[in-house]
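Going by our numbering, the sequence shown opens with residue 5, and the numbers climb by one from there.
Idealized CB from N, CA, C, for every residue including glycine.
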Amino acid sequence: MTTELRFLAASVILGLVHLVAASHLISFQYGYRWTASDREQAMPPLRGLANRVDQATTNFLETFPFFAALVLSAHITSRHDALTLWGVHLYFWGRVGYLLAAALGYGLVRSVVFWNTALTGMILFLVALLR
């Protein structure tokens, strides 16, 4: 298995961590009865840690399909070089940093540093695939 595919698998695990953390934090805030309900009743907006982790989860789910498509495209076309290695590292560690910064409430660092780090990783993959 290539390093790129290993990081894809690690990113799937990271996505599951996002989902489980957000789910439990939301349940702590709204209650497990709400979690088990049909969820049709209006609820107040999430706040604090639950809100920040839920937003980070949404953001992860927005970027992950692009990352997965890039990694799989590189695998199918046998494109594995320094750009793809840098790309997977930047994406994965940028997303880990994004989740931690979001949970801690460091909004500017989350967006400016970590989101752009992950984006740079995806751009490196595009360059590797298109050259």
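Helix, strand or coil for residue i per DSSP?
i	result
Asp42	coil
Gly35	coil
Arg10	helix
Arg83	coil
If I follow the unbroken alpha helix (DSSP H) through residue i, where does it start and stop?
i	result
Phe129	Asn120 to Leu134
Gly101	Ala86 to Leu108
Thr6	Taken as a continuous stretch (DSSP letters only), Thr6 belongs to no alpha helix (DSSP H), as it is neither H nor E.
Val57	Gly52 to Ile80
With distances taken between CB atoms, is the gap from residue i to residue j smaller than 7 Å?
i	j	result
Phe64	Met126	no
Ala60	Leu112	no
Leu128	Gly98	no
Ala78	Thr88	yes
Phe96	Ala105	no
Leu133	Arg83	yes
Ala26	Val57	yes
Phe68	Gly19	yes
Gln33	Ala46	no
Thr124	Leu94	yes
What do you reckon, is the C-beta of residue i under 6 Å from a heavy atom of the ligand GTP?
i	result
Phe96	Among the components modelled here there is no ligand, and therefore nothing to report on the ligand GTP.
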